[in-house]
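The next block holds one structure in the form of structure tokens; read it before the comments.
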Amino acid sequence: MAIQLHDTLAGEKVEFRPIVPGKVGLYACGPTVYDHAHLGHARCYVVWDVVVRHLRARGLEVKYVRNFTDVDDKIISRANERGEDPAALASRFADSFLEDMDAVGCLRPDAAPRVTGTMPGIVALIERLVARGFAYAPGNGDVYYAVRKFPAYGQLSRRDVDDLRSGARVETGDVKRDPLDFALWKGAKPGEPSWDSPWGKGRPGWHIECSAMTLEHLGAQFDIHSGGKDLVFPHHSNEIAQSVAALSDRLDPRDFARHWMHNGFVEIDQEKMSKSLGNFFTVKDVLQRHDGEALRLLLLGTHYRNPINFSDGLLGDAERRLAYLHETLEKADRIAEGATPDEAATPWAEAARAALDDDFNTAAVLGILAEAFTAANADADRKGKRTPADRAALARFARDARSVGGELGILQRPPAQALLALRGKAVVRRGLDPALVEARIAERAEARRAKDFARSDAVRDELLSLGVTIQDGPSGTSWKVE
RNA sequence: GGCUCCGUCGCCAAGUGGUAAGGCAAGGGUCUGCAAAAUCCUCAUCCCCGGUUCAAAUCCGGGCGGAGCCUCCA
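Sequential numbering of the first sequence, starting at 3, is according to our numbering.
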């Protein structure tokens with residue numbers, strides 16, 4: 003089954019063919035670590051995580067590289083505001099980022115290079131660009147890339163250099179030869195961290211780091227480069243210009259990353275969530291009150307290229323939906339215990355994988371899962387004698403649900419544990435005391451034994467007013483919180 | 001101004017040439033001491049107008065509405 007992906011450079015969906023059969027090099031632009039991760043980061047890295055998981059599930063050996071940008075204007079200014087060392091601040095937020103990504107179920111990348119650890123590579127690449135005539139040093143300690151020298155500039159974003167020029171900001175006293183030229187190296191200003199270079203002390207520009215890090219970890223040419231839609235221009239356009247000019251003689255944009263994938267934004271009230279607009283939620287804020295797997299489920303409910311609106315209500319829906327999935331799995335496990343599933347995968351699991359083959363259509367997969375879960379529930383609740391075949395079918399369902407779930411990065415915890423975690427967050431949101439709830443339920447059980455239904459219903463109503471819903475089942479009464 | 005993209009049931013959301021997945025909500029059953037949960041049934045012709053085609057939500061043209069990029073940004 004061929005994997006299709008929407009390639010920004012091609013402008014359409016194309017068949018994915020690894021450069022080296024069986025192997026994939028994937029680079030995702032990582033965060034600039036000057037603050038905690040927000041939901042936009044969560045979405046983006048959850049998406050690339052699914053890409054990695056699915057490619058691996060299809061038998062491909064994936065090397066996943068995601069960098070940390072730990073040298074940057076904003077890091078420096080934030081550090082100065084707080085009187086903190088920039089490196090320490092960046093390192094602190096990098097740790098915070100990893101913690102958040104773990105919480106939403108992302109696998110760690112195979113390599114996580116940092117700009118501060120890539121200086122020799124960056125300097126070498128800039129030297130090469132200067133030597134090949136694509137970059138120039140005006141003599142003030144800066145080095146710029148000469149955009150006009152690169153014929154394919156703007157191809158990724160389908161922009162014409164002359165159109166860009168008319169909109170470009172021209173600063174007075176600029177040392178750039180062309181307003182579009184961008185900095186590869188910035189001469190050090192007082193009080194800034196800096197590194198030695200042939201042009202004096204300074205630090206790299208924003209874009210060159212990725213060119214250097216991909217070269218170091220994935221080679222001159224690799225399969226997939228990914229990032230948020232907002233990086234198409236200028237960041238990724240500039241990366242192409244740098245890497246291709248430095249490393250390819252024929253100057254073909256394809257000689258860097260074969261394919262480019264970009265994810266859509268998380269929006270709040272139909273507006274892009276971003277730090278500059280101030281309308282962002284950090285992952286930590288959200289996970290304080292909600293479960294990471296539920297957030298992940300919400301993020302996977304929309305195709306990765308489309309915008310996704312975020313609200314508490316939608317997250318609550320996802321949370322209830324996740325509880326349903328785990329409850330169903332728990333039920334299936336209980337019934338199927340000890341049964342041996344058929345080896346062959348269910349048709350729906352194959353359909354789910356096929357949906358992932360088609361540009362990682364996670365939303366379609368969730369639709370397919372929904373039908374499978376409904377059917378499993380119907381089976382599990384059916385009255386009467388259960389045959390070995392019934393139990394084998396549920397065992398197969400549970401196995402395949404976890405297998406498909408594994409490609410999405412969900413449903414990997416034991417259901418009971420997940421349900422407890424979900425309830426735990428709900429308890430926090432409601433400010434409830436679980437011991438008190440349990441005590442009231444015991445009281446109600448006693449009333450029910452005595453057939454005192456008036457009293458039992460009164461207890462139930464009381465709990466309901468606290469947001470606690472109870473369910474009487476064969477093995478006792480369970481409860482959950484809205 | 002240039003360049004991308006989007007507009008599908010009350011809400012969320014797949015589908016991008018072959019006659020509208022799925023979820024939530026809603027209404028009606030089953031189950032239950034009553035509930036809850038689960039399950040079953042019901043529930044859209046795809047922003048508007050033209051065109052291409054045997055056939056269009058899907059392609060083309062024109063509107064209207066919304067978003068993004070062109071400056072830091074996932």
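Backbone N, C-alpha and C define an ideal beta-carbon position, used for all residues, glycine too.
A quick note: this is a predicted structure, and the numbers were derived from the prediction, not measured.
Distance, Cα to Cα, residue 125 vs residue 248? Sequence index remark: in the first sequence, residue 125 carries index 123 (1-based). Sequence index remark: in the first sequence, residue 248 carries index 246 (1-based). Going from the Cα of residue 125 to the Cα of residue 248 covers about 12 Å.
So the alpha helix (DSSP H) residue 36 belongs to, where does it begin and stop? Counted from its first residue, the first sequence places residue 36 at position 34. Where residue 36 is concerned, there is no enclosing alpha helix (DSSP H), given that its DSSP letter is neither H nor E.
Taking the beta carbon of residue 440 as the centre, do at least 16 other beta carbons fall within 10 Å, making it buried, or is it exposed? Here residue 440 is taken as the residue at index 438 of the first sequence, counted from 1. Counting Cβ neighbours within 10 Å, residue 440 comes out exposed, since fewer than 16 surround it.
Cut-off 7 Å between Cβ atoms - residues of its own chain near residue 378, not counting five sequence neighbours on either side: Reading the first sequence from its first residue, position 376 is the one you call residue 378. These residues qualify, in order along the chain: 330, 334, 396 and 399.
Give the range of the beta strand (DSSP E) segment to which residue 263 is assigned. Locating residue 263 in the first sequence gives position 261, where the first residue counts as 1. Residues 259-265.
Quick one: what's got a C-beta closer than 7 Å to residue 410's C-beta in the same chain, skipping five residues either side? Against the first sequence, residue 410 aligns to sequence position 408. Answer for residue 410: 52, 302, 364 and 367, listed in chain order.
Can you tell me whether DSSP reads residue 154 as helix, strand or coil? Taking the first residue of the first sequence as position 1, residue 154 is located at position 152. Residue state, collapsed to three classes: coil.
Mark residue 296 as exposed unless 16 or more other C-beta atoms lie within 10 angstroms of its C-beta, in which case mark it buried. Numbered from 1 along the first sequence, position 294 holds the residue referred to as residue 296. By the neighbour-count rule (16 or more Cβ atoms within 10 Å), residue 296 is buried.
Burial state of residue 127 (16 or more Cβ within 10 Å): Your numbering for residue 127 matches position 125 in the first sequence. Burial call: buried.
Write down the C-beta distance between residue 215 and residue 115 rounded to the nearest angstrom, noting that I regard them as a contact closer than 8 Å. By one-based count along the first sequence, residue 215 stands at place 213. By one-based count along the first sequence, residue 115 stands at place 113. Yes, they are in contact, since the Cβ atoms of residue 215 and residue 115 sit about 5 Å apart, within 8 Å.
For residue 15 versus residue 62, is the C-beta distance shorter than 8 Å? The residue given as residue 15 occupies position 13 in the first sequence. The residue given as residue 62 occupies position 60 in the first sequence. No, the Cβ-Cβ distance between residue 15 and residue 62 is not below 8 Å.
When we look at the beta-carbon of residue 455 and count the other beta-carbons within 10 Å, is it buried (16 or more) or exposed? In the first sequence, counting from the first residue as 1, residue 455 sits at position 453. The residue in question, residue 455, is exposed, as its Cβ has fewer than 16 Cβ neighbours within 10 Å.
Contact check, residue 188 vs residue 251, beta carbons under 8 Å: Here residue 188 is taken as the residue at index 186 of the first sequence, counted from 1. Here residue 251 is taken as the residue at index 249 of the first sequence, counted from 1. In this structure, residue 251 does not lie closer than 8 Å to residue 188 by Cβ.
Contact set for residue 174: own chain, Cβ-Cβ below 8 Å, skip 5 residues either direction: As a position in the first sequence, residue 174 is number 172, starting the count at 1. At residue 174 the pLDDT is 49, less than 50, meaning the model places this residue with poor confidence; the figure from the coordinates comes in the next sentence. Cβ within range, chain order: n/a, list empty.
Three-way DSSP call (helix, strand, coil) for residue 290 in this model: As a first step, residue 290 must be located in the first sequence, where it is residue number 288. In the structure shown, residue 290 sits in a helix (DSSP, three-state: H, G or I).
Take residue 462 and list the residues in its own chain whose beta-carbon comes closer than 8 Å to its own, dropping the five residues that flank it on each side. In the first sequence, residue 462 corresponds to position 460, counting from 1. Only 446 and 472 meet the Cβ criterion.
Could you name the residues of the same chain whose beta carbon sits closer than 7 Å to that of residue 418, not counting the 5 residues immediately before and after it, in chain order? If you number the first sequence from 1, residue 418 lands on position 416. For residue 418, where only same-chain residues beyond five positions count, the Cβ hits under 7 Å are 332.
The alpha helix (DSSP H) spanning residue 436 covers which residue range? For the purposes of this step, residue 436 is taken as residue 434 along the first sequence, with counting starting at 1. Here the alpha helix (DSSP H) through residue 436 covers 436-451.
What residue range is occupied by the uninterrupted alpha helix (DSSP H) comprising residue 482? Position 480 of the first sequence, counting from 1, holds the residue named residue 482. Unbroken run through residue 482 is the beta strand (DSSP E), 478-483; no alpha helix (DSSP H).
Where do the ends of the alpha helix (DSSP H) carrying residue 320 lie? Here residue 320 refers to the residue found at position 318 when the first sequence is read from its first residue. Element bounds for residue 320: 314-338.
Does the pairing of the stretch 192-200 with the stretch 4-11 give three or more beta-carbon distances under 8 Å? no
Unbroken beta strand (DSSP E) run spanning residue 17, endpoints: Counted from its first residue, the first sequence places residue 17 at position 15. First-last of the beta strand (DSSP E) with residue 17: 14-17.
What did DSSP end up calling residue 386 once you bin it into helix, strand or coil? Residue mapping note: residue 386 aligns to position 384 of the first sequence, counting from 1. Coil.
Which of the three DSSP states is assigned to residue 174 in this structure? Counting from one through the first sequence, the residue named residue 174 turns up at place 172. Because residue 174 sits at a pLDDT of 49, beneath the cut-off of 50, its placement in the model cannot be relied upon, and the following sentence gives the value as read from the coordinates. Coil, per DSSP.
Cβ-Cβ separation, residue 223 to residue 21 (assumed contact under 8 Å), whole Å: What you label residue 21 is simply residue 19 of the first sequence in a count that begins at 1. What you label residue 223 is simply residue 221 of the first sequence in a count that begins at 1. Right, their Cβ atoms sit about 6 Å apart.
Separation of residue 58 from residue 354, as counted between CA atoms: Along the first sequence, read from residue 1 onward, the residue named residue 354 stands at position 352. Along the first sequence, read from residue 1 onward, the residue named residue 58 stands at position 56. In a straight line, the C-alpha of residue 354 is about 15 Å away from that of residue 58.
In the DSSP output, what is residue 2 paired with across the bridge? The requested residue 2 does not occur in the structure, where the chain is confined to residues 3 to 484.
If I follow the unbroken beta strand (DSSP E) through residue 187, where does it start and stop? Taking the first sequence and counting its residues from 1, one reaches residue 187 at position 185. 184-189 is the extent of the beta strand (DSSP E) around residue 187.
Go ahead and label residue 336 buried or exposed: buried means 16 or more other beta carbons lie within 10 angstroms of its beta carbon, across all protein chains shown. Reading the first sequence from its first residue, position 334 is the one you call residue 336. When all chains shown are included, residue 336 counts as exposed.
Inter-residue Cα distance where the pair is residue 425 and residue 350: As a first step, residue 425 is located in the first sequence; it is residue number 423 there, counting from the start. As a first step, residue 350 is located in the first sequence; it is residue number 348 there, counting from the start. Their backbone Cα atoms lie some 30 Å apart in a straight line.
Counting along the chain, where does the beta strand (DSSP E) carrying residue 206 start and finish? As a first step, residue 206 must be located in the first sequence, where it is residue number 204. Here the beta strand (DSSP E) through residue 206 covers 204-206.
If distances are taken between C-alpha atoms only, which option among 32, 373, 28 and 484 comes closest to residue 237? In the first sequence, residue 237 corresponds to position 235, counting from 1. For the residues 32, 373, 28 and 484, the minimum Cα distance to residue 237 belongs to 32.
Is the stretch 69-88 in contact with the stretch 105-124, if contact means three or more CB pairs nearer than 8 Å? yes
Span separating the alpha-carbon of residue 265 from that of residue 375: Here residue 265 refers to the residue found at position 263 when the first sequence is read from its first residue. Here residue 375 refers to the residue found at position 373 when the first sequence is read from its first residue. Roughly 28 Å between the two C-alpha positions.
Would you mind stating whether residue 42 and residue 267 have Cβ atoms separated by less than 8 Å? Here residue 42 refers to the residue found at position 40 of the first sequence. Here residue 267 refers to the residue found at position 265 of the first sequence. Yes, these two residues count as a Cβ contact at 8 Å.
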